[in-house]
């Protein structure tokens with residue numbers, strides 16, 4: 001089997017290992033640290049030189065949009081993940097697909113160059129340092145995927161007087177938490193995601209925070225209408241059929257609902273879609289309270305502060321440079337891959353066009369308006385097919401022309417900066433790469449064969465799972481995932497934050513709170529919010545309807561394979577309603593819904609009258625049923 005070197009075991013590296021295995025390749029992943037996760041592996045003191053994250057970081061994209069296409073995060077995870085949860089997700093992914101065995105930790109790549117027979121074979125010579133054995137190793141591989149990311153080398157602009165500043169100067173890469181800055185005056189240069197996150201983190205402990213930027217920025221919240229994740233509404237195929245100016249105006253209006261960008265001095269001259277938006281939920285309140293003050297860019301630095309471009313002098317103790325990163329691949333032969341000012345002539349952001357064999361690819365060197373992880377995964381799927389020869393690239397002239405057209409379009413559309421050379425739209429790019437591997441859904445065919453799914457894919461969020469419906473290595477659960485994504489997105493929060501209604505005789509601990517108080521309810525199996533899972537007879541002198549329904553616990557108990565046995569209830573007259581019961585005295589009792597019988601021979605015949613003082617309701621369990629349970633009247 002062809003051997004493929006994967007450099008880095010972050011999100012791109014893990015996806016690359018799996019993609020290689022899917023295509024029958026033999027992956028070898030070299031990771032210089034001792035663990036997976038890349039920049040998502042938080043460390044208080046990082047000595048490896050990898051990218052850094054801060055303790056309070058929460059990802060900006062929802063879990064359904066940032067997932068790998070065939071492995072959704074657990075439903076118990078919140079809609080937006082902390083960095084700890086992101087790393088946990090990576091571990092689950094690696095364990096599920098058996099990826100760890102292909103990773104060599106403590107191995108630092110020093111040099112990648114063409115093998116002697118590259119012109120004939122497309123092979124690569126790789127030299128790396130094994131920190132475990134303290135030995136230099138040289139190997140030859142059939143292909144190479146560079147998965148080192150672009151958040152490792154801090155970029156610090158030249159500012160007059162910076163070297164004379166008597167306070168502390170650090171890059172945002174080295175910021176971890178707010179404690180060391182208690183009571184200090186902090187100036188933050190930049191207004192990207194890291195700059196604003198750090199400003200909000202410091203606002204609670206620093207004496208004053210100044211947020212300085214050249215252009216300002218559009219501040220977009222994580223959630224949108226009805227509390228849904230904004231990226232699930234924005235990254236929709238139907239949304240991107242709207243005229244560009246109309247779409248930009250809609251997002252601007254929504255952003256100004258939270259905070260008047262003009263009034264608080266952060267409104268940029270460009271549109272929302274002309275620059276990567278800043279996603280943050282806390283900045284408006286800190287601007288309103290004055291804990292964070294917006295200021296123009298720094299013109300020069302004095303020993304005790306900074307001079308701004310409008311002439312204002314700001315005294316400060318700390319300057320934090322949230323000014324981005326340099327993308328470097330110094331270990332790759334410059335004749336193979338050359339990067340200048342964060343720009344590299346790569347076909348589809350991946351393939352050096354001048355190589356006769358497309359067996360070396362760069363993964364993740366892209367800044368899309370959307371989640372990065374699915375893009376990296378899609379790139380690795382194509383890269384693996386390029387190495388096997390199952391997919392091809394066009395001629396050098398065609399690739400060069402494509403690059404020039406893309407560069408011209410980016411120059412016209414996006415604000416010119418070091419960062420936005422890598423900018424693109426998420427759906428557009430995903431569709432391009434998916435077309436190369438046959439994974440882009442055919443919506444005309446889908447509309448004829450499965451119209452409900454076609455509508456979900458077109459009108460709903462463009463989920464990564466859409467690219468597992470067709471093509472090689474489809475995911476059998478893709479359709480079900482797409483159809484239920486909005487329910488799934490907040491299922492964990494409903495369980496934890498929205499307590500279900502309970503029978504009137506039960507308190508929050510699941511104990512009887514009436515004349516039958518002496519008879520405690522025993523539980524069996526796995527419970528959820530109220531620990532009310534009856535398995536013994538219950539009597540109630542208040543004649544309350546004590547129903548066991550899907551709305552209270554039946555469905556979710558069954559989803560968790562909980563055994564429900566016999567409960568004796570004393571019921572009064574009730575009127576059947578679609579969603580609730582009303583007792584004879586007018587009190588609203590527990591939702592009483594007909595439940596599917598878990599054993600086919602038992603059926604429940606609903607009635608409007610229940611006069612006996614005590615009836616037995618047998619509830620049975622049958623594995624695999626996730627709907628509600630039916631009750632059998634004795």
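Numbering (full-length UniProt numbering), first residue to last: 1 to 634. The beta carbon of each residue, even a glycine, is placed where N, CA and C say it ideally should be.
Less than 7 Å divides the Cβ of residue 109 from the Cβ of residue 128. One thing to note: residue 278 has its Cβ no nearer than 7 Å to the Cβ of residue 178. Contact between the region 18-33 and the region 94-102 is present: 3 or more CB-CB pairs across the two stretches fall below 8 Å.
When the five nearest sequence neighbours on each side are left out, the beta carbons in the same chain lying within less than 7 Å of the beta carbon of residue 238 are those of 458 and 459, in order along the chain. The beta carbons of residue 316 and residue 210 sit about 7 Å from each other, so the pair counts as a contact at 8 Å. In chain order, 80 and 82 place their CB closer than 6 Å to the CB of residue 58, counting only its own chain and leaving out the 5 sequence neighbours on each side. Contact annotation: the region 155-164 does not touch the region 129-139, with fewer than three C-beta pairs closer than 8 Å.
Counting along the chain, the unbroken beta strand (DSSP E) around residue 305 starts and ends at 305-308.
Only residues of its own chain outside the window of five on either side were considered, and among them 1, 2, 3, 4 and 20 have a CB closer than 8 Å to the CB of residue 26, listed in chain order. Every unbroken stretch of the beta strand (DSSP E) spanning 3 or more residues and falling wholly within the region 100-134 is given here in chain order: 103-105, 107-114 and 124-130.
Boundaries of the beta strand (DSSP E) around residue 294: 292-295. Inter-residue distance for residue 141 and residue 478 is about 34 Å (C-alpha atoms, whole angstroms). Rounded to whole angstroms, residue 195 and residue 118 show a C-alpha spacing of 44 Å. In the structure shown, the three-state DSSP call for residue 70 is coil.
Annotated as distal: residue 373 and residue 29, with beta-carbon spacing of 7 Å or more. Ranked by Cα distance from residue 190, the options 302, 361, 296 and 45 are led by 296. Secondary-structure assignment with DSSP links residue 170 through a beta bridge to 320.
Annotation: the region 160-232 contains the following complete segments of the beta strand (DSSP E) (minimum length 3 residues), in chain order: 168-171, 185-189 and 208-212.
Taking a cut-off of 8 Å on C-beta distances, the region 310-324 does not touch the region 230-237, as fewer than three cross pairs fall below it.
The beta carbon of residue 480 sits closer than 8 Å to no other beta carbon from its chain once the five residues preceding and following it are set aside. In summary, residue 45 is exposed, with fewer than 16 beta-carbon neighbours lying within 10 Å of its beta-carbon over all protein chains present.
Under DSSP, residue 368 takes part in a beta bridge, and its partners are 424. Counting along the chain, no beta strand (DSSP E) covers residue 411; the unbroken alpha helix (DSSP H) around it starts and ends at 396-413. As for any alpha helix (DSSP H) of minimum length 4 sitting wholly inside the region 329-359, there is none. Distance check between residue 352 and each of 335, 138 and 37 places 335 closest, using alpha-carbon atoms only. Rounded to the nearest angstrom, the gap between the Cα atoms of residue 424 and residue 412 is 12 Å.
As a beta-bridge residue in DSSP terms, residue 136 pairs with 129.
Between residue 301 and residue 164 the beta-carbon gap is near 7 Å, inside 8 Å, which marks them as a contact. Spatial neighbours of residue 174 in its own chain (CB-CB distance under 7 Å, excluding positions within 5 residues in sequence) are listed in chain order as 52. Every unbroken stretch of the beta strand (DSSP E) spanning 3 or more residues and falling wholly within the region 10-65 is given here in chain order: 26-31. Taking all protein chains in view, the Cβ of residue 243 is surrounded by fewer than 16 other Cβ atoms within 10 Å, so the residue is classified as exposed. Minimum Cα-Cα distance from residue 85 among the listed residues 395, 252, 396 and 62 corresponds to 62. Contact between residue 248 and residue 271 holds: CB atoms are separated by about 4 Å, below the 8 Å threshold. Residue 384 has its alpha-carbon roughly 46 Å from the corresponding atom of residue 168. Among the bridge pairs identified by DSSP, residue 82 is matched with 58. Residue range 244-258 is occupied by the alpha helix (DSSP H) that includes residue 248.
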